[in-house]
Amino acid sequence: MTIAEIFMGWPAIISSLFFAAAGIIRRRPAYLVLAAVLLLGITLYLAGTPRFRFTGILLPISFPAAAVVVHRRKIWLAIILVSPTFIFFGWLAAIVLYQ
Numbered sequence: 450m451t452i453a454e455i456f457m458g459w460p461a462i463i464s465s466l467f468f469a470a471a472g473i474i475r476r477r478p479a480y481l482v483l484a485a486v487l488l489l490g491i492t493l494y495l496a497g498t499p500r501f502r503f504t505g506i507l508l509p510i511s512f513p514a515a516a517v518v519v520h521r522r523k524i525w526l527a528i529i530l531v532s533p534t535f536i537f538f539g540w541l542a543a544i545v546l547y548q
């Protein structure tokens, strides 16, 4: 597995979603920032495609916003901000697995 596959493929997506969930559950904004950094590679790649142009730009913005919200102790709002990312990559995984 090459470095590009690690930082732009499914390992980055899975670890990013893991750190996002851990950041919300443990109330650690730094985990959400790390999740945003891990997600940058795949989302910038997706932003280059016409179908996911805006999705690829908006998804990594929601994680630092959720980090600010977790820092202010509004966990419910952080869950709302991060849930579109979980839904999108769950949908993408279903598309890849069932094609």
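According to the working numbering, the sequence shown is numbered sequentially starting from 450. Heads up, the beta-carbon is just placed ideally off N, CA and C, and yes, glycines get one too.
So residue i and residue j are supposed to be a Cβ contact under 8 Å. How far apart are they, rounded?
i, j, result
"Phe-501", "Leu-495", "4 Å"
"Ala-461", "Ile-491", "6 Å"
"Leu-483", "Phe-467", "Not really, about 10 Å apart at Cβ, beyond 8 Å."
"Pro-509", "Leu-526", "In fact, because the Cβ distance is near 18 Å, the residues do not count as touching under 8 Å."
Have a look at the options and flag the residue whose alpha-carbon is nearest the alpha-carbon of residue i.
i, options, result
"Met-457", "Leu-487, Gly-472 and Arg-522", "Leu-487"
"Phe-512", "Ala-453, Pro-533 and Pro-460", "Pro-533"
"Ile-536", "Leu-489, Thr-504 and Pro-499", "Thr-504"
"Leu-493", "Ala-453, Ile-528, Phe-467 and Ala-514", "Ala-453"
Looking at the structure shown, is residue i part of a helix, part of a strand, or coil, going by DSSP?
i, result
"Arg-502", "helix"
"Gly-472", "helix"
"Thr-451", "coil"
"Tyr-547", "coil"
"Gly-458", "coil"
"Phe-490", "With the sequence shown as reference, residue 490 is identified as Gly, and Phe is not the correct amino acid for it. Note: Gly-490 maps to helix in three-state DSSP."
Please list, in chain order, all residues of the same chain as residue i whose beta carbon is under 6 Å from its beta carbon, the five residues on each side excluded.
i, result
"His-520", "Pro-478"
Which residues in the same chain as residue i place their Cβ atom closer than 7 Å to its Cβ, once the five residues preceding and following it in sequence are excluded?
i, result
"Ser-551", "With the chain represented from 450 up to 548, any question about residue 551 goes unanswered, as that position is not in the structure."
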